[in-house]
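Visitor:
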Amino acid sequence: MAKEIAILGSTGSIGRQTLEVVAAHPGQFRVAALAGARNVELLAEQVKRFRPRLAVLLDPEGARELAAKVSGLKVQVLAGEEGLLAAVCLAGVELVVAAMVGIRSLPAILAALEAGKDIALANKELLVAAGQVVMDRARSLDRQIIPVDSEHSAIFQCLRQGGRVVQVIITASGGPLREKTLAEMAAVTPEQALNHPTWVMGPKITVDSATLMNKGLEVIEARHLFNLDYDQIEVLIHPQSVVHALVRYSDGALFAHLGPADMRLPIQYALTWPERWDLDSQVLDLAALGHLDFSRPDLERFPCLELACRAGRAGGTYPAVLSAADEVAVQYFLARRIPLTAISQVIARVLEEHRPVTTPDLEQILAADAWARRRAGEVAEGFCKGVEAQ
Numbered sequence: 001m002a003k004e005i006a007i008l009g010s011t012g013s014i015g016r017q018t019l020e021v022v023a024a025h026p027g028q029f030r031v032a033a034l035a036g037a038r039n040v041e042l043l044a045e046q047v048k049r050f051r052p053r054l055a056v057l058l059d060p061e062g063a064r065e066l067a068a069k070v071s072g073l074k075v076q077v078l079a080g081e082e083g084l085l086a087a088v089c090l091a092g093v094e095l096v097v098a099a100m101v102g103i104r105s106l107p108a109i110l111a112a113l114e115a116g117k118d119i120a121l122a123n124k125e126l127l128v129a130a131g132q133v134v135m136d137r138a139r140s141l142d143r144q145i146i147p148v149d150s151e152h153s154a155i156f157q158c159l160r161q162g163g164r165v166v167q168v169i170i171t172a173s174g175g176p177l178r179e180k181t182l183a184e185m186a187a188v189t190p191e192q193a194l195n196h197p198t199w200v201m202g203p204k205i206t207v208d209s210a211t212l213m214n215k216g217l218e219v220i221e222a223r224h225l226f227n228l229d230y231d232q233i234e235v236l237i238h239p240q241s242v243v244h245a246l247v248r249y250s251d252g253a254l255f256a257h258l259g260p261a262d263m264r265l266p267i268q269y270a271l272t273w274p275e276r277w278d279l280d281s282q283v284l285d286l287a288a289l290g291h292l293d294f295s296r297p298d299l300e301r302f303p304c305l306e307l308a309c310r311a312g313r314a315g316g317t318y319p320a321v322l323s324a325a326d327e328v329a330v331q332y333f334l335a336r337r338i339p340l341t342a343i344s345q346v347i348a349r350v351l352e353e354h355r356p357v358t359t360p361d362l363e364q365i366l367a368a369d370a371w372a373r374r375r376a377g378e379v380a381e382g383f384c385k386g387v388e389a390q
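Heads up: the sequence shown at position 118 corresponds to 118 in full-length UniProt numbering, and the numbers run straight through without jumps.
Next up, the structure:
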């Protein structure tokens, strides 16, 4: 029988590629629910093609437009958080693909676990902000959280060897700015930051890749997903993006996961786990590659990585504040209101001012997120005035 899935974030990069994987395996999956943020046109196209029982747009006005566009189909259209909750709790759904940016879907993901659904996790912010809450809930309910990020999927697969793990290495391409000097970073434009040499991703995650914040968030995510200590996790720059992660065992053996830069691989593995299915993808030619390079990141040029690791070690509500402040700062950069180098400055200021809760519940995490967004906006606005004054 076809596996029923719900996709939160179906109009984003991961959501669209998830639907590509579904389309490549006719009869194996049934899309029961689709949810997006604001893209009415694309969600309408997806509804017409995949015929879900439920479609959700976070924007209420967009949901009304969507309902009009798909009025001839047997699909229910809902809006906002209520719609997300309905999507993840839909009867028959076995797996929820969590691919929305930010933590707006956090209550829905917790509800999905309570409803007996497994999670294919592509939204790293959920574990950054609320890793302990989410993982505790999943373990207590005996539910699976299967990573979709290429690095965490690679770790997940390497961990199947058994034995005592002593180190996990997360690789980073270095992004589009890896050759820039510290002085050049201040003049980087959004177009340059979005010109990733390897991956095609959404704008927010691409900017995070350019600042290496993405790797910092992945360190925090890995700590929670795999129950690791921060001292066990290392980040290495690997420009070829062929080795996605490595796991070192206590006997000295180092297992690496290699693959082409194709997000359909980890997406499909999350959908089909514990099985591995055929996929029409590029085959790595190691002889043609010739060599694979690794180096340690320059924290002076990429301070966001260190900020993230410090916030992760501090724990409590610090990671939620880090993630929220970063999201706001990236929006200001993409709007050309602050330079790239100001992203880390905004985040550092907000973290410095934060009064943490050591063991937060869901309400306190959401409150910290809301405070951080508001304060990051104020700090960024102040920076804008300073830039304009110059």
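Every residue gets a Cβ at the ideal spot worked out from N, C-alpha and C, and that includes glycine.
Source: prediction; values computed, not measured.
1. Label L113 either buried or exposed according to how many other C-beta atoms from any shown protein chain fall within 10 Å of its C-beta, with 16 as the threshold for buried.
2. Using the DSSP secondary-structure output, state which residues sit across from P356 in a beta bridge.
3. Can you have a look at L305 and say buried or exposed, based on whether 16 or more other CB atoms are within 10 angstroms of its CB?
4. For V200, count the other beta carbons within 10 Å of its own beta carbon; 16 or more makes it buried, fewer makes it exposed. Which is it?
5. Sorted by chain position, which residues of the same chain lie with C-beta nearer than 8 Å to Q390's C-beta, five sequence neighbours on each side aside?
6. Indicate the three-state DSSP secondary structure (helix, strand or coil) for H224 in the structure shown.
7. How would you call E388, buried or exposed, if buried means at least 16 neighbouring beta carbons within 10 angstroms?
8. Compute the beta-carbon to beta-carbon distance between A154 and A245, rounded to the nearest angstrom, for a pair I have assumed lies under 8 Å.
9. Could you work out which residue in P52, L322, N39 and R49 is closest to E65 when comparing CA atoms only?
10. Between V96 and L34, which are expected to be in contact by the criterion C-beta below 8 Å, what is the C-beta distance as a whole number of angstroms?
11. Is it a yes or a no for the segment 284-301 touching the segment 222-240, going by three-plus beta-carbon pairs under 8 Å?
12. Take Q76 and list the residues in its own chain whose beta-carbon comes closer than 6 Å to its own, dropping the five residues that flank it on each side.
13. Determine the contact status of S173 and P147, defining contact as a CB-CB distance below 8 Å.
14. Excluding five sequence neighbours on each side, which residues of the same chain lie with their C-beta closer than 8 Å to the C-beta of G116?
15. With respect to the beta strand (DSSP E) encompassing P147, which residues constitute its N-terminal and C-terminal limits?
16. Suppose contacts are defined by Cβ-Cβ distances below 8 Å. Is P107 in contact with E81 by that definition?
17. Are the segment 178-195 and the segment 278-291 touching, with three or more C-beta to C-beta distances below 8 Å?
18. Which runs of the beta strand (DSSP E) spanning at least 3 residues fall entirely within the segment 234-320, listed in chain order?
19. Return the chain-ordered ranges of every alpha helix (DSSP H) run that is complete within the segment 123-174 and spans a minimum of 4 residues.
20. Is it buried or exposed for M263, if we count other Cβ within 10 angstroms and need 16 for buried?
21. Taking the beta strand (DSSP E) that A179 belongs to, which residues open and close that run?
Guide: Looking at the coordinates:
1. buried
2. Partner(s): none; P356 has no beta bridge.
3. buried
4. exposed
5. The predicted model places Q390 with a pLDDT of 35, which falls under 50 and marks its position as unreliable; any figure quoted below should be read in that light. Residues of the same chain with a CB within less than 8 Å of the CB of Q390, apart from the 5 flanking positions on each side, do not exist.
6. helix
7. Caution applies to E388, whose pLDDT of 47 falls short of 50 and renders its modelled position unreliable; the model cannot decide the point.
8. The pair is a contact, with the Cβ atoms about 4 Å apart (cut-off 8 Å).
9. N39
10. That pair is no contact at about 12 Å.
11. yes
12. L54
13. no
14. L141 and R143
15. From DSSP, the beta strand (DSSP E) with P147 extends over I145 to P147.
16. yes
17. no
18. 243-249 and 254-258
19. 124-140 and 150-158
20. Buried, since its Cβ has 16 or more Cβ neighbours within 10 Å.
21. One detail in the question is off: residue 179 reads as Glu in this sequence, not Ala. Unbroken run through E179: none, as it is neither H nor E.
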